[in-house]
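Numbering (the numbering used here), first residue to last: 13 to 150.
Beta carbons: idealized from backbone N, C-alpha and C, even for Gly.
Below you'll find the structure, written out as structure tokens, and then a few comments.
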């Protein structure tokens, strides 16, 4: 059996290196897609930005707009950089998801506490280098 994915959480995009550009970029997403700003985004000192989400959806997938240029201050390496463009999925059980990735031979890395005190994010790449993130919520 594969990963038990409950839904799409977010897609993360880099939006350049200047934090002062965030309001203009957020305005673009608001005006073009009618997205709302998530007021609950934590302050992430190493990754300024914004989270915007669909206002009329019962599921709240988001676009995470991250200020970064080159390797971000949050990165452990160029490869292990949470600001790389990625798709984040919600899984039922993060421990089981890690066991599954290990069983199928997929290398992963974990960021703990980046977006909240008790947050765990599991990152891995597909064979062509596309980045995925897994989180467990609720």
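Give the range of the beta strand (DSSP E) segment to which residue i is assigned.
| i | result |
| --- | --- |
| residue 110 | Taken as a continuous stretch (DSSP letters only), residue 110 belongs to no beta strand (DSSP E), being part of the alpha helix (DSSP H) at 106-115. |
| residue 26 | 17-26 |
Within its chain, find whatever has a CB closer than 8 Å to the CB of residue i; leave out the 5 residues flanking it on each side and keep chain order.
| i | result |
| --- | --- |
| residue 83 | 89, 90, 93 |
Hey, would you say residue i sits closer than 9 Å to residue j, going by beta carbons?
| i | j | result |
| --- | --- | --- |
| residue 21 | residue 145 | yes |
| residue 123 | residue 75 | no |
| residue 28 | residue 105 | no |
| residue 18 | residue 103 | yes |
| residue 62 | residue 23 | no |
| residue 64 | residue 30 | no |
CA-CA distance, residue i and residue j?
| i | j | result |
| --- | --- | --- |
| residue 115 | residue 60 | 35 Å |
| residue 110 | residue 48 | 32 Å |
| residue 99 | residue 55 | 21 Å |
| residue 127 | residue 150 | 15 Å |
| residue 113 | residue 96 | 20 Å |
| residue 107 | residue 135 | 13 Å |
Short of 6 Å in beta carbon distance, which residues of its chain neighbour residue i, apart from the five on each side in sequence? Order them along the chain.
| i | result |
| --- | --- |
| residue 86 | 58, 59, 94 |
Between which residues of its own chain and residue i is the CB-CB distance below 7 Å, once the five residues before and five after are set aside?
| i | result |
| --- | --- |
| residue 66 | 47, 72, 73 |
**Message:** Give the list of continuous alpha helix (DSSP H) stretches no shorter than 4 residues that lie fully inside the segment 30-61.
**Reply:** 34-45
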